[in-house]
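Top to bottom, those sequences are chains A and B.
Residue 298 in this note's numbering sits at position 298 of the first sequence, and the numbers go up by one each step.
Add 1000 to the 1-based position in the second sequence for this note's numbering, that's all there is to it.
Working notes, structure below.
There are 2 protein chains.
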Amino acid sequence: MADLFTVLTPREAWATLEPHLHPIGRTEVTATTDALGRVLAEDTHAPADLPHFARSAMDGYAVRAEDTHGATEGLPAYLKVAGEVLMGRPASVRLSLGEAALIHTGGMLPEQADAVVMVENTRSVDATMIEVVRPVAKGENVIQIGEDIAKGELLLPRRSVLRPQDIGSLLSLGVTKVSVFQKVKVALIPTGDELVPPETEPGPGQIRNTSAFALAALAAKAGAIPIVMDIARDNYESLKATAQKALELADMVVVSAGSSVSTRDLTARVIDSLGKPGVLVHGVSLRPGKPTILASVGRKPVFGLPGNPASAMITFGVFVTPAIHRLSGCRQPPQRFSVKARLTRNIPSAAGREDYVPVKIEERDGELHAEPIFGKSNLLFAMIQADGLAKVPLDKGGMMAGEWVEISLF
Amino acid sequence: MADLFTVLTPREAWATLEPHLHPIGRTEVTATTDALGRVLAEDTHAPADLPHFARSAMDGYAVRAEDTHGATEGLPAYLKVAGEVLMGRPASVRLSLGEAALIHTGGMLPEQADAVVMVENTRSVDATMIEVVRPVAKGENVIQIGEDIAKGELLLPRRSVLRPQDIGSLLSLGVTKVSVFQKVKVALIPTGDELVPPETEPGPGQIRNTSAFALAALAAKAGAIPIVMDIARDNYESLKATAQKALELADMVVVSAGSSVSTRDLTARVIDSLGKPGVLVHGVSLRPGKPTILASVGRKPVFGLPGNPASAMITFGVFVTPAIHRLSGCRQPPQRFSVKARLTRNIPSAAGREDYVPVKIEERDGELHAEPIFGKSNLLFAMIQADGLAKVPLDKGGMMAGEWVEISLF
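See below:
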């Protein structure tokens, strides 16, 4: 068990947790059309050339390039139109010397042709004769066999997160089913003697369970399957029983513990009782989120987050979302590039601490401006007003109005 | 019917289409826990104060502030500990003058208390007595009734896209069901004599239908329900019959037409035959995407996009995604802020044309760099390599290496 409150920097904390994060590796087969956002489990190579025939990239005439050499406006090349290439059909036209075939974008190049003259560079003489006013080189305006992708080439590596263009590309090669990693299951444990379920009217001293559902939505957004557990009470037996069940059901467990010192310690004790290595990090130089617990039980990561819903969401974004991506097996998480905006007001902070402040973003004169929303005790409603979170780096004792700040958008 | 190829700028084209975009307005009721990403159909006001009792923001002692006035390290205030406030219970402790109650973060303030002294600012004298070494002001470390949100206050306006924090906030107030706008249905019509379904082995001259599925994934990403129609053939009757069926099934129709001039004209003719006002824009100063058609039939927008999958995806992002957001009724589309990156190479363009170029993004020294991926005829595989699209504005005749460019991320 790690020392209580040996506070690490967020980077150190992540580095401590990281060796304990293993992709879950379970796979399933799904229809490619249903695979948006899923993580590919196998290298996928092109099973065929694409295109599998030489195609015209333009509307015009399929020609032998040499028949157009030297053609100019003043001295055009005259070509006989031998026919038309119909879309979706084998190119049945045969070209003899000095002949051309009418062809449409995407049409199959006749065997004897090696280039396409754009229609704009031709003039019609009569029904069977055209003038070509500019020469074409061999291969001009032609998409060659395998030019988009050659048979056997790596189309998408294992661990790619499938985007619309990836889905399209797989289908263009006839890959209608793909093996993907199963979604990561994340159990969320609400804890607190004061909590009641959302559908219950809270009595004096009670509040509704909110964090677990906000975190469940964040987990879903990160590509995981959230499982919201029943509310655990602020005692060892209740939390331990719930956490054990959660570890059976899920690949990862997130406890949103109460914010008092005693419930945080309880969470750490329970995690340590569940298995090795137990608590790895207890305390991070992060605001909000100082009491964050990072742990691992067997091969399953376990997190203890602050009970305050806003603080819980922010620390979830800092640690749990990247951990979900890691367990999902994805190579590069989506939305990994952050937006930068100019601060409209100073943000006080302390050097040696990373701060996340909810901000409202406005675009003015093509520049993004971030207006910090300061609120007492990280009220959830500041998070509703906000478009994202501004990050004050560890080494800065606050940031000044006018400085550029990194924003993770909601 | 608009003049053929009176090319408009993208901004003019959108301004022409925009008056024809009407939110679909159909609503449904869903569980709040299932409402992530949905668009709220009604203003939602807080049905109760949150919190509905004064809560402690800290671990410490609930006190009357006046009992601590003037307290210092050297001359502390001595307070008698009258009891402990248990979490989730009414505060049953009654405080007399000179008394304090042990309280935890989130605990209910006893009626007679008006502030909380942080435990760090107290010392224990014996089991029933503490020293307070710093005074607190009235209200200090207390979250007042209604401070997060007051009863009747607007929690979330109609047309909000629900994010994790919004879900949490609704549940915190007991709003377990919400009325949301139904998802927009988008029909996608693949067109072309050369197309075969993805599961079919294409013969010479044939290719698999790809665009419609890539566009379906884009529609799903934009929050819509995609409906992929059967392949329409390159003739008036086939396309018209398919388009009529699509208009019955969906709120919006997207035709990914062949790229040849004849199929583009066919699409425009069919759209005009379906109803008023018909084609609004035919031709946009956009690359790729010049032959884009924007139209409206009755109150339903209809789009004709290039047949090339990469071009179709890019024009979809420029026009169809914003149109889906408009029809969905959302106030502010998610991901409305773009990322900026520094170009690593020149991008040639022509003034008077807006260009979109696939780019690979790399982070170096805290700055994003965008490497253009140039490819013949917008091959789909350039889109696989890319992390996003760089936009070369209309008024620029290309952009230079080192310049900042706006990126829409995939």
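Even glycine gets a Cβ: it sits at the ideal position worked out from N, Cα and C.
All values reported here derive from a predicted model rather than from experimental measurement.
Query raised in the report: Does the count of Cβ pairs from the region 231-244 of chain A and the region 193-203 of chain A closer than 8 angstroms reach three?
Result: yes
Requested in this report: For the alpha helix (DSSP H) containing H415 of chain A, list its first residue and its last residue.
Outcome: Nothing in the structure corresponds to residue 415 of chain A, since chain A is present only between 1 and 410.
Query raised in the report: From A:D148, A:T210, A:K240 and A:E147, pick the residue whose C-alpha is nearest to that of T1176 of chain B; which is it?
Result: On the second sequence, residue 1176 of chain B is found 176 positions in, with the first residue counted as 1. It is A:T210 whose Cα lies nearest to the Cα of T1176 of chain B.
Query raised in the report: Should the region 1026-1036 of chain B be regarded as contacting the region 1178-1192 of chain B, the criterion being three or more beta carbon pairs within less than 8 angstroms?
Result: yes
Report task. Would you decide whether P1348 of chain B is buried or exposed? Buried here means 16 or more other CB atoms lie within 10 Å of its CB. Result -> In the second sequence, the residue the question calls residue 1348 of chain B occupies position 348. When all chains shown are included, P1348 of chain B counts as exposed.
Query raised in the report: In chain A, which residues lie with their C-beta within 8 angstroms of the C-beta of A1115 of chain B?
Result: The count along the second sequence starts at 1 and reaches residue 1115 of chain B at position 115. In chain order: nothing, as chain A lies at least about 14 angstroms away.
Query - Straight-line gap, A1295 of chain B to G1397 of chain B (C-alpha atoms, nearest Å) - result: Locating residue 1295 of chain B in the second sequence gives position 295, where the first residue counts as 1. Locating residue 1397 of chain B in the second sequence gives position 397, where the first residue counts as 1. Looking at the two C-alpha atoms, the distance is approximately 29 angstroms.
Query raised in the report: Does the beta-carbon of H69 of chain A have 16 or more other beta-carbons within 10 angstroms, so that it is buried, or is it exposed?
Result: Here residue 69 of chain A refers to the residue found at position 69 of the first sequence. H69 of chain A is exposed by the Cβ-count criterion.
Query raised in the report: What does E1199 of chain B reach in chain A if we use C-beta pairs closer than 8 angstroms?
Result: Position 199 of the second sequence, counting from 1, holds the residue named residue 1199 of chain B. In chain order: G174 and T176.
**Report entry** Segment limits, beta strand (DSSP E) that includes R364 of chain A
**Finding:** Here residue 364 of chain A refers to the residue found at position 364 when the first sequence is read from its first residue. From DSSP, the beta strand (DSSP E) with R364 of chain A extends over E354 to R364.
Query raised in the report: Can you find a C-beta in chain B that's less than 9 angstroms from the C-beta of S285 of chain A?
Result: Against the first sequence, residue 285 of chain A aligns to sequence position 285. With 9 angstroms as the cut-off, S285 of chain A does not count as an interface residue toward chain B.
Report task. Mind checking the region 1018-1034 of chain B against chain A and listing, in chain order, the residues whose C-beta falls within less than 8 angstroms of any C-beta there? Result -> Here the close residues are T1032 and T1033.
Query raised in the report: With 9 angstroms set as the bound, which would you pick, yes or no: does the beta-carbon of R1331 of chain B sit closer than that to a beta-carbon of chain A?
Result: As a position in the second sequence, residue 1331 of chain B is number 331, starting the count at 1. It does not; no Cβ of chain A falls within 9 angstroms.
**Report entry** Extent of the continuous alpha helix (DSSP H) run through E406 of chain A
**Finding:** Counting from one through the first sequence, the residue named residue 406 of chain A turns up at place 406. Premise fails: E406 of chain A lies in the beta strand (DSSP E), W404 to L409, not in any alpha helix (DSSP H).
Query raised in the report: Smallest Cα separation from R336 of chain A: which of B:V1297, B:R1299, B:S1408 and B:R1287?
Result: Walking along the first sequence from the start, residue 336 of chain A turns up at place 336. For R336 of chain A, the nearest C-alpha among the options comes from B:S1408.
Query raised in the report: Which residues of chain A have a Cβ atom closer than 8 angstroms to the Cβ of S1211 of chain B, listed in chain order?
Result: Looking up residue 1211 of chain B in the second sequence gives position 211. Simply G168.
**Report entry** Ordered list of beta strand (DSSP E) runs contained in the region 1068-1122 of chain B, each at least 3 residues
**Finding:** 1077-1084, 1099-1103 and 1115-1118
Query raised in the report: Just curious, the alpha helix (DSSP H) that M313 of chain A is in, first and last residue?
Result: Counted from its first residue, the first sequence places residue 313 of chain A at position 313. For M313 of chain A, the uninterrupted alpha helix (DSSP H) run begins and ends at P309 to T315, by DSSP.
Requested in this report: Return the first residue and the last residue of the beta strand (DSSP E) that T263 of chain A is part of.
Outcome: The sequence position of residue 263 of chain A within the first sequence is 263, counting from 1. Looking at the DSSP string, T263 of chain A is not in any beta strand (DSSP E); the run it does join, the alpha helix (DSSP H), is V261 to L274.
Query raised in the report: Do the region 1128-1142 of chain B and the region 1051-1066 of chain B make contact, defined as three or more Cβ pairs closer than 8 angstroms?
Result: yes
Query raised in the report: For L190 of chain A, which residues in chain B fall below 7 angstroms Cβ to Cβ?
Result: Residue numbering aside, residue 190 of chain A sits at position 190 when the first sequence is read from its first letter. In the sequence as displayed, the identity of residue 190 of chain A is Pro instead of Leu. Within chain B, no residue comes near P190 of chain A; the closest Cβ sits about 11 angstroms away, beyond 7 angstroms.
Query raised in the report: Whose C-beta lies closer than 7 angstroms to the C-beta of E1153 of chain B among residues of the same chain, with five residues either side of it excluded?
Result: The residue given as residue 1153 of chain B occupies position 153 in the second sequence. Answer for E1153 of chain B: H1045 and A1046, listed in chain order.
Query raised in the report: Contact check, K1300 of chain B vs M1252 of chain B under 8 angstroms by CB: the rounded distance?
Result: Counted from its first residue, the second sequence places residue 1300 of chain B at position 300. Counted from its first residue, the second sequence places residue 1252 of chain B at position 252. That pair is a contact at about 6 angstroms.
Query raised in the report: Per the contact definition of three or more C-beta pairs closer than 8 angstroms, is the region 163-175 of chain A in contact with the region 98-116 of chain A?
Result: no
**Report entry** Exposed unless 16 or more other CB atoms sit within 10 angstroms - verdict on Q165 of chain A
**Finding:** Numbered from its first residue, the first sequence carries residue 165 of chain A at position 165. Counting Cβ neighbours within 10 Å, Q165 of chain A comes out buried, since at least 16 surround it.
Requested in this report: Answer with yes or no whether the minimum CB distance from A1310 of chain B to chain A is below 9 angstroms.
Outcome: Indexing the second sequence from 1 puts residue 1310 of chain B at position 310. Interface residue, yes.
Query raised in the report: Is A1035 of chain B helix, strand or coil when you go by DSSP?
Result: Position 35 of the second sequence, counted from the start, is the residue given in the question as residue 1035 of chain B. Correct three-state label for A1035 of chain B: coil.
Query raised in the report: What does a CB cutoff of less than 7 angstroms around D1401 of chain B pick up in its chain, not counting 5 residues either side in sequence?
Result: For the purposes of this step, residue 1401 of chain B is identified with residue 401 of the second sequence, where counting begins at 1. One point to set straight first is that residue 1401 of chain B is Ala, not Asp, in the sequence displayed. For A1401 of chain B, where only same-chain residues beyond five positions count, the Cβ hits under 7 angstroms are L1343, T1344, R1345 and N1346.
Query - Of the residues B:G1174, B:A1214 and B:G1223, the one placed nearest V1039 of chain B, counting alpha carbons only - result: As a working mapping, residue 1039 of chain B is identified with position 39 in the second sequence. Ranking the options by Cα distance to V1039 of chain B, first place goes to B:G1223.
Report task. Indicate whether at least one CB of chain B lies closer than 9 angstroms to the CB of I207 of chain A. Result -> Counting from one through the first sequence, the residue named residue 207 of chain A turns up at place 207. For I207 of chain A, the answer is yes, since a Cβ of chain B falls inside 9 angstroms of its Cβ.
Query raised in the report: Can R1353 of chain B and R1264 of chain B be called in contact, C-beta distance under 9 angstroms?
Result: Residue 1353 of chain B sits at position 353 when you count from the first residue of the second sequence. Residue 1264 of chain B sits at position 264 when you count from the first residue of the second sequence. Going by C-beta atoms, R1353 of chain B is not nearer than 9 angstroms to R1264 of chain B.
Requested in this report: Return helix, strand or coil for H325 of chain A, following the three-state DSSP convention.
Outcome: Taking the first residue of the first sequence as 1, we reach residue 325 of chain A at position 325. It is helical.
**Report entry** Test: G88 of chain A CB closer than 9 angstroms to a CB of chain B
**Finding:** Taking the first sequence and counting its residues from 1, one reaches residue 88 of chain A at position 88. Output row for G88 of chain A: interface = yes.
Query raised in the report: If you measure from the beta carbon of F1337 of chain B to each beta carbon in chain A, is any gap under 9 angstroms?
Result: Taking the first residue of the second sequence as 1, we reach residue 1337 of chain B at position 337. It does: the Cβ of F1337 of chain B has a partner Cβ on chain A nearer than 9 angstroms.
Query raised in the report: Cα-Cα, which of B:P1358, B:E1367, B:G1074 and B:E1363 is closest to A1382 of chain B?
Result: Position 382 of the second sequence, counted from the start, is the residue given in the question as residue 1382 of chain B. Considering only alpha carbons, the answer is B:P1358.
Requested in this report: Within the same chain, show all residues whose beta-carbon is closer than 7 angstroms to that of K330 of chain A, passing over the 5 residues directly before and after it, in chain order.
Outcome: The residue labelled residue 330 of chain A in the question sits at position 330 within the first sequence. Residue 330 of chain A is actually Cys in this sequence, not Lys. Excluding sequence neighbours, C330 of chain A sits near V39, R159 and V161.
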